[in-house]
(Lines of atoms letter the chains of each structure in order from A and count residues from 1; the text may use other names and numbers.)
(Lines give C-alpha, C1' and ligand atoms only; values in the text may rest on other atoms or scores of the structure.)
Protein backbone atom coordinates (compact mmCIF):
# COMPACT_ATOMS: atom_id res chain seq x y z
CA UNK A 1 0.00 0.00 0.00
CA UNK A 2 1.12 3.56 -0.61
CA UNK A 3 0.05 7.19 -0.36
CA UNK A 4 -0.04 9.65 -3.26
CA UNK A 5 1.04 13.13 -2.23
CA UNK A 6 0.22 16.15 -4.42
CA UNK A 7 3.22 18.25 -5.34
CA UNK A 8 3.59 21.42 -7.43
CA UNK A 9 6.75 20.13 -9.15
CA UNK A 10 6.22 16.38 -9.56
CA UNK A 11 2.39 16.40 -9.58
CA UNK A 12 2.16 13.19 -7.55
CA UNK A 13 4.72 11.61 -5.23
CA UNK A 14 3.89 8.01 -4.39
CA UNK A 15 5.30 6.89 -1.04
CA UNK A 16 4.90 3.35 0.41
CA UNK A 17 3.09 3.10 3.73
CA UNK A 18 6.20 1.65 5.38
CA UNK A 19 8.18 4.82 4.60
CA UNK A 20 5.21 7.01 5.58
CA UNK A 21 4.91 5.25 8.95
CA UNK A 22 8.62 4.95 9.73
CA UNK A 23 9.97 8.25 8.42
CA UNK A 24 7.49 10.78 7.01
CA UNK A 25 5.05 10.62 9.94
CA UNK A 26 7.83 10.77 12.54
CA UNK A 27 7.94 14.00 14.60
CA UNK A 28 11.51 14.59 13.44
CA UNK A 29 10.56 14.63 9.77
CA UNK A 30 7.35 16.58 10.39
CA UNK A 31 9.50 19.27 12.02
CA UNK A 32 10.85 20.09 8.53
CA UNK A 33 7.43 21.62 7.73
CA UNK A 34 8.58 24.52 9.92
CA UNK A 35 12.11 24.99 8.53
CA UNK A 36 12.12 27.31 5.53
CA UNK A 37 14.15 26.22 2.50
CA UNK A 38 15.81 29.48 1.47
CA UNK A 39 16.39 31.54 4.58
CA UNK A 40 15.34 35.16 4.12
CA UNK A 41 14.77 34.97 0.35
CA UNK A 42 11.05 35.64 0.92
CA UNK A 43 11.96 39.25 1.71
CA UNK A 44 12.62 39.67 -2.03
CA UNK A 45 10.59 36.80 -3.52
CA UNK A 46 7.47 36.65 -1.29
CA UNK A 47 6.37 33.17 -2.40
CA UNK A 48 9.65 31.54 -1.38
CA UNK A 49 8.24 30.26 1.89
CA UNK A 50 8.40 26.60 0.94
CA UNK A 51 10.12 24.29 3.41
CA UNK A 52 12.63 21.48 3.76
CA UNK A 53 9.65 19.12 4.13
CA UNK A 54 8.40 19.31 0.55
CA UNK A 55 11.93 19.53 -0.83
CA UNK A 56 12.83 16.29 0.97
CA UNK A 57 9.77 14.58 -0.49
CA UNK A 58 10.72 15.91 -3.92
CA UNK A 59 14.29 14.64 -3.57
CA UNK A 60 12.88 11.24 -2.64
CA UNK A 61 10.77 11.25 -5.79
CA UNK A 62 13.72 12.16 -8.03
CA UNK A 63 15.83 9.46 -6.35
CA UNK A 64 13.12 6.87 -6.96
CA UNK A 65 13.05 7.79 -10.67
CA UNK A 66 16.84 7.78 -10.87
CA UNK A 67 17.08 4.31 -9.32
CA UNK A 68 14.54 2.94 -11.78
CA UNK A 69 16.41 4.36 -14.78
CA UNK A 70 19.94 3.57 -13.56
CA UNK A 71 19.06 -0.03 -12.66
CA UNK A 72 18.22 -0.57 -16.33
CA UNK A 73 20.89 1.58 -17.95
CA UNK A 74 24.11 1.07 -15.96
CA UNK A 75 26.37 -1.38 -17.77
CA UNK A 76 28.71 -2.34 -14.92
CA UNK A 77 27.16 -5.37 -13.21
CA UNK A 78 28.65 -4.58 -9.78
CA UNK A 79 27.21 -1.05 -9.80
CA UNK A 80 23.87 -2.31 -11.10
CA UNK A 81 23.65 -4.85 -8.26
CA UNK A 82 24.66 -2.17 -5.77
CA UNK A 83 21.84 0.11 -6.94
CA UNK A 84 19.24 -2.66 -6.77
CA UNK A 85 20.40 -3.96 -3.38
CA UNK A 86 20.55 -0.48 -1.84
CA UNK A 87 17.36 0.88 -3.37
CA UNK A 88 15.50 1.17 -0.05
CA UNK A 89 18.41 2.89 1.70
CA UNK A 90 18.92 5.37 -1.13
CA UNK A 91 15.25 6.37 -1.06
CA UNK A 92 15.22 6.68 2.74
CA UNK A 93 18.35 8.83 2.72
CA UNK A 94 16.91 11.06 0.01
CA UNK A 95 14.14 11.80 2.52
CA UNK A 96 16.56 12.23 5.43
CA UNK A 97 19.38 14.16 3.76
CA UNK A 98 18.25 17.53 5.25
CA UNK A 99 16.97 16.20 8.58
CA UNK A 100 19.61 18.09 10.58
CA UNK A 101 18.85 21.59 9.32
CA UNK A 102 18.36 24.27 11.93
CA UNK A 103 15.80 27.12 11.65
CA UNK A 104 16.21 29.24 8.53
CA UNK A 105 18.50 26.54 7.11
CA UNK A 106 21.94 27.73 5.97
CA UNK A 107 21.37 31.18 7.46
CA UNK A 108 21.62 29.65 10.94
CA UNK A 109 24.98 28.12 10.00
CA UNK A 110 26.11 31.55 8.84
CA UNK A 111 25.15 32.84 12.30
CA UNK A 112 27.31 30.17 13.95
CA UNK A 113 30.20 31.19 11.71
CA UNK A 114 29.83 34.88 12.60
CA UNK A 115 29.67 33.98 16.32
CA UNK A 116 32.88 31.97 15.91
CA UNK A 117 34.79 35.24 15.39
CA UNK A 118 34.27 35.90 19.11
CA UNK A 119 33.93 32.30 20.33
CA UNK A 120 36.89 30.01 19.70
CA UNK A 121 34.91 26.90 20.59
CA UNK A 122 32.78 27.42 17.46
CA UNK A 123 35.70 27.88 15.09
CA UNK A 124 36.13 25.20 12.45
CA UNK A 125 32.46 24.24 12.43
CA UNK A 126 31.07 24.12 8.91
CA UNK A 127 27.97 22.55 7.38
CA UNK A 128 26.59 22.07 10.87
CA UNK A 129 23.40 20.46 9.57
CA UNK A 130 25.39 17.47 8.27
CA UNK A 131 26.89 16.80 11.70
CA UNK A 132 23.54 17.23 13.43
CA UNK A 133 21.82 15.14 10.75
CA UNK A 134 24.15 12.25 11.46
CA UNK A 135 23.36 12.52 15.20
CA UNK A 136 19.63 12.45 14.43
CA UNK A 137 19.86 9.49 12.05
CA UNK A 138 22.04 7.52 14.47
CA UNK A 139 19.56 8.18 17.27
CA UNK A 140 16.28 7.62 15.44
CA UNK A 141 17.01 5.80 12.18
CA UNK A 142 20.13 3.76 13.05
CA UNK A 143 19.85 1.31 10.13
CA UNK A 144 20.68 4.19 7.76
CA UNK A 145 23.42 5.84 9.84
CA UNK A 146 26.48 4.32 8.14
CA UNK A 147 25.17 5.16 4.69
CA UNK A 148 24.17 8.69 5.77
CA UNK A 149 27.79 9.18 6.83
CA UNK A 150 28.91 8.20 3.32
CA UNK A 151 26.89 11.03 1.76
CA UNK A 152 28.87 13.82 3.37
CA UNK A 153 32.06 12.34 4.77
CA UNK A 154 33.40 10.34 1.83
CA UNK A 155 33.51 10.65 -1.92
CA UNK A 156 33.09 8.51 -5.00
CA UNK A 157 30.48 6.12 -3.60
CA UNK A 158 26.90 5.43 -4.62
CA UNK A 159 25.43 7.66 -1.90
CA UNK A 160 27.64 10.71 -2.37
CA UNK A 161 27.38 10.60 -6.16
CA UNK A 162 23.57 10.63 -6.09
CA UNK A 163 23.02 12.93 -3.07
CA UNK A 164 26.08 15.19 -2.65
CA UNK A 165 27.48 15.94 -6.06
CA UNK A 166 27.55 18.88 -8.47
CA UNK A 167 24.71 17.19 -10.35
CA UNK A 168 22.56 15.08 -8.06
CA UNK A 169 18.94 14.36 -7.16
CA UNK A 170 19.01 16.97 -4.37
CA UNK A 171 19.95 19.79 -6.75
CA UNK A 172 17.56 18.55 -9.42
CA UNK A 173 14.65 19.05 -7.06
CA UNK A 174 15.65 22.30 -5.40
CA UNK A 175 16.46 24.11 -8.65
CA UNK A 176 13.02 23.34 -10.07
CA UNK A 177 11.26 23.99 -6.74
CA UNK A 178 13.07 27.23 -5.89
CA UNK A 179 12.58 28.52 -9.42
CA UNK A 180 8.84 27.81 -9.23
CA UNK A 181 8.38 29.56 -5.87
CA UNK A 182 10.55 32.51 -6.83
CA UNK A 183 8.29 33.10 -9.84
CA UNK A 184 11.29 33.09 -12.19
CA UNK A 185 12.32 30.73 -15.02
CA UNK A 186 16.02 30.63 -14.13
CA UNK A 187 16.12 27.11 -12.64
CA UNK A 188 13.98 25.34 -15.20
CA UNK A 189 15.32 22.28 -17.03
CA UNK A 190 13.96 18.94 -18.23
CA UNK A 191 14.16 16.53 -15.29
CA UNK A 192 13.24 13.50 -17.40
CA UNK A 193 15.92 14.35 -19.94
CA UNK A 194 18.61 14.82 -17.28
CA UNK A 195 17.81 11.45 -15.73
CA UNK A 196 17.80 9.78 -19.15
CA UNK A 197 21.37 10.93 -19.97
CA UNK A 198 22.79 10.12 -16.53
CA UNK A 199 24.66 6.93 -15.68
CA UNK A 200 27.23 5.59 -13.21
CA UNK A 201 30.63 4.15 -14.12
CA UNK A 202 33.78 2.89 -12.42
CA UNK A 203 36.84 5.11 -12.70
CA UNK A 204 40.03 3.74 -11.10
CA UNK A 205 37.86 1.55 -8.92
CA UNK A 206 35.60 4.38 -7.74
CA UNK A 207 31.97 5.04 -8.63
CA UNK A 208 31.49 8.22 -10.66
CA UNK A 209 28.52 9.95 -12.28
CA UNK A 210 28.74 10.19 -16.06
CA UNK A 211 26.58 11.56 -18.85
CA UNK A 212 25.94 10.39 -22.39
CA UNK A 213 27.66 12.40 -25.11
CA UNK A 214 24.34 13.09 -26.83
CA UNK A 215 23.20 14.93 -23.70
CA UNK A 216 25.98 17.54 -23.55
CA UNK A 217 23.57 20.36 -24.44
CA UNK A 218 21.16 19.23 -21.70
CA UNK A 219 24.02 19.05 -19.22
CA UNK A 220 25.09 22.58 -20.13
CA UNK A 221 21.48 23.74 -19.77
CA UNK A 222 21.34 22.29 -16.23
CA UNK A 223 24.62 23.92 -15.21
CA UNK A 224 23.48 27.27 -16.60
CA UNK A 225 20.16 26.92 -14.73
CA UNK A 226 22.13 26.37 -11.54
CA UNK A 227 24.40 29.33 -12.29
CA UNK A 228 21.49 31.70 -12.91
CA UNK A 229 19.65 30.58 -9.76
CA UNK A 230 22.71 31.42 -7.67
CA UNK A 231 23.37 34.65 -9.54
CA UNK A 232 19.80 35.98 -9.61
CA UNK A 233 18.09 34.35 -6.60
CA UNK A 234 20.35 32.91 -3.89
CA UNK A 235 23.02 35.63 -4.19
CA UNK A 236 20.66 38.51 -4.92
CA UNK A 237 22.17 41.41 -3.01
CA UNK A 238 19.04 42.12 -0.96
CA UNK A 239 18.53 38.43 -0.17
CA UNK A 240 22.15 38.26 0.99
CA UNK A 241 21.65 41.42 3.01
CA UNK A 242 18.66 40.04 4.90
CA UNK A 243 20.40 36.68 5.39
CA UNK A 244 23.33 38.61 6.87
CA UNK A 245 20.95 40.49 9.19
CA UNK A 246 19.30 37.26 10.39
CA UNK A 247 22.70 35.57 10.76
CA UNK A 248 23.96 38.50 12.83
CA UNK A 249 20.88 38.24 15.07
CA UNK A 250 21.51 34.50 15.49
CA UNK A 251 25.17 35.13 16.32
CA UNK A 252 24.21 37.67 19.00
CA UNK A 253 21.72 35.19 20.41
CA UNK A 254 24.40 32.49 20.58
CA UNK A 255 26.97 34.78 22.19
CA UNK A 256 24.54 36.26 24.72
CA UNK A 257 23.34 32.84 25.93
CA UNK A 258 26.60 30.87 25.67
CA UNK A 259 27.27 31.17 29.42
CA UNK A 260 23.79 29.95 30.31
CA UNK A 261 24.15 26.16 30.33
CA UNK A 262 20.43 25.54 30.61
CA UNK A 263 19.32 27.94 27.86
CA UNK A 264 17.74 26.33 24.81
CA UNK A 265 20.16 28.17 22.52
CA UNK A 266 23.32 26.98 24.29
CA UNK A 267 21.97 23.43 24.48
CA UNK A 268 21.45 23.20 20.74
CA UNK A 269 24.80 24.70 19.79
CA UNK A 270 27.16 23.17 22.35
CA UNK A 271 26.00 19.58 22.45
CA UNK A 272 27.80 16.26 22.15
CA UNK A 273 26.29 13.19 20.53
CA UNK A 274 25.88 11.51 23.92
CA UNK A 275 23.88 14.52 25.11
CA UNK A 276 21.55 14.74 22.12
CA UNK A 277 18.11 15.77 23.34
CA UNK A 278 15.27 14.96 20.95
CA UNK A 279 12.73 17.17 22.72
CA UNK A 280 14.94 20.23 22.34
CA UNK A 281 15.71 19.37 18.72
CA UNK A 282 12.01 19.01 17.82
CA UNK A 283 11.42 22.58 19.02
CA UNK A 284 14.04 24.01 16.66
CA UNK A 285 11.74 25.62 14.13
CA UNK A 286 11.55 28.98 12.41
CA UNK A 287 8.75 29.95 14.80
CA UNK A 288 10.91 29.12 17.82
CA UNK A 289 13.78 31.22 16.47
CA UNK A 290 11.60 34.22 15.61
CA UNK A 291 9.90 34.22 19.00
CA UNK A 292 13.27 33.82 20.75
CA UNK A 293 14.74 36.74 18.81
CA UNK A 294 11.69 38.90 19.50
CA UNK A 295 11.88 38.38 23.26
CA UNK A 296 15.68 38.63 23.46
CA UNK A 297 17.92 41.58 24.29
CA UNK A 298 19.81 41.58 20.99
CA UNK A 299 20.31 44.73 18.92
CA UNK A 300 16.96 46.47 18.29
CA UNK A 301 18.00 47.45 14.76
CA UNK A 302 18.30 43.78 13.89
CA UNK A 303 14.79 43.14 15.21
CA UNK A 304 13.45 46.07 13.19
CA UNK A 305 15.08 44.67 10.05
CA UNK A 306 13.78 41.13 10.59
CA UNK A 307 10.21 41.94 11.63
CA UNK A 308 9.58 45.22 9.80
CA UNK A 309 11.91 44.87 6.81
CA UNK A 310 14.05 47.83 7.79
CA UNK A 311 17.31 47.90 5.80
CA UNK A 312 20.03 48.89 8.28
CA UNK A 313 23.01 46.71 8.07
CA UNK A 314 25.83 49.07 7.03
CA UNK A 315 24.63 52.42 8.38
CA UNK A 316 22.53 52.42 11.56
CA UNK A 317 23.77 49.14 13.03
CA UNK A 318 27.41 50.29 13.19
CA UNK A 319 26.31 53.30 15.26
CA UNK A 320 24.65 50.99 17.78
CA UNK A 321 27.73 48.77 17.88
CA UNK A 322 29.90 51.84 18.36
CA UNK A 323 27.82 52.93 21.36
CA UNK A 324 27.87 49.45 22.88
CA UNK A 325 31.59 48.79 22.33
CA UNK A 326 33.01 52.28 22.60
CA UNK A 327 34.34 52.18 19.05
CA UNK A 328 34.39 54.62 16.18
CA UNK A 329 31.76 54.08 13.50
CA UNK A 330 34.33 53.38 10.79
CA UNK A 331 36.02 50.69 12.92
CA UNK A 332 32.69 48.98 13.59
CA UNK A 333 31.74 49.13 9.91
CA UNK A 334 34.97 47.34 9.07
CA UNK A 335 34.28 44.79 11.79
CA UNK A 336 30.81 44.06 10.44
CA UNK A 337 32.04 43.89 6.86
CA UNK A 338 34.78 41.45 7.84
CA UNK A 339 32.23 39.27 9.64
CA UNK A 340 29.39 39.47 7.14
CA UNK A 341 30.73 40.07 3.67
CA UNK A 342 33.44 37.41 3.85
CA UNK A 343 31.06 34.83 5.28
CA UNK A 344 28.44 35.49 2.62
CA UNK A 345 30.85 35.27 -0.29
CA UNK A 346 32.50 32.01 0.78
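Numbering (my numbering), first residue to last: 704 to 1049.
Glycine residues also receive a C-beta, built at the ideal position from the N, C-alpha and C atoms.
Since we're looking at a predicted model, the values are computed, not measured.
Along the length of the stretch 719-775, whole alpha helix (DSSP H) runs at least 4 residues long occupy 730-733, reported in chain order.
Selection 728, 943, 734, 797 evaluated against residue 876 yields 797 as nearest (Cα-Cα). By the C-beta density criterion, residue 938 is exposed, having fewer than 16 other C-beta atoms within 10 angstroms. When the five nearest sequence neighbours on each side are left out, the beta carbons in the same chain lying within less than 6 Å of the beta carbon of residue 836 are those of 802, 803, in order along the chain.
For residue 901, there is no enclosing alpha helix (DSSP H); the residue is part of the beta strand (DSSP E) that begins and ends at 901-906. Under the three-state reduction of DSSP, residue 929 is assigned to helix.
Membership of residue 850 in the alpha helix (DSSP H) is indicated by the continuous run 848-856.
Distance between residue 897 and residue 1009, taken at the CA atoms: about 39 Å. Across the set 724, 811, 762, 715, the C-alpha of 811 shows the shortest separation from the C-alpha of residue 947.
The alpha-carbon of residue 936 is positioned some 8 Å away from that of residue 744. Around residue 794, the same chain offers 722, 763, 766, 767, 770 as residues with beta carbons nearer than 8 Å, after the five sequence neighbours per side are excluded. Going by DSSP, residue 710 is part of the beta strand (DSSP E) stretching over 705-710.
Assigned with DSSP and collapsed to three states, residue 884 falls in helix. Rounded to the nearest angstrom, the gap between the Cα atoms of residue 759 and residue 917 is 30 Å. Annotated three-state conformation of residue 990 is helix, per DSSP.
Spanning the alpha carbons of residue 953 and residue 899 requires a straight line of approximately 43 Å. Under the DSSP definition of a beta bridge, residue 910 partners with 905.
Rounded to whole angstroms, the Cβ separation of residue 748 and residue 886 is 6 Å, and the two are in contact under 8 Å. By the criterion of a C-beta distance shorter than 6 Å, residue 751 is surrounded in its chain by 741, 744, 745, 884, 885, once the five residues flanking it on both sides are discounted. Per DSSP, residue 838 is one residue of the alpha helix (DSSP H) stretching across 831-843. For residue 793, the enclosing alpha helix (DSSP H) stretches over residues 790-799.
By the C-beta density criterion, residue 1000 is exposed, having fewer than 16 other C-beta atoms within 10 angstroms. Between residue 892 and residue 901, the gap from beta carbon to beta carbon reaches 8 Å or more. Taking C-beta atoms under 8 Å as the contact rule, residue 878 and residue 928 qualify, at a distance of about 6 Å. Contact between the stretch 979-997 and the stretch 837-844 is present, with at least three C-beta pairs closer than 8 Å.
Taking a cut-off of 8 Å for Cβ pairs, the stretch 775-787 and the stretch 713-731 do not touch, as fewer than three such pairs fall below it. The alpha-carbon separation between residue 993 and residue 735 amounts to approximately 16 Å. By the criterion of a C-beta distance shorter than 6 Å, residue 719 is surrounded in its chain by 705, once the five residues flanking it on both sides are discounted. Counted as a single uninterrupted DSSP element, the alpha helix (DSSP H) harbouring residue 942 occupies residues 940-960. In its chain, beyond the 5 residues on either side, 847, 850 have a beta carbon closer than 7 Å to the beta carbon of residue 792. Ranked by how close their Cα comes to the Cα of residue 732, the residues 995, 987, 996, 920 have 987 in first place.
Between the alpha carbons of residue 920 and residue 869 lies a distance of about 17 Å. Taking 8 Å as the cut-off, the Cβ atoms of residue 807 and residue 949 count as close. Residue 960 and residue 990 have their alpha carbons spaced roughly 19 Å apart.
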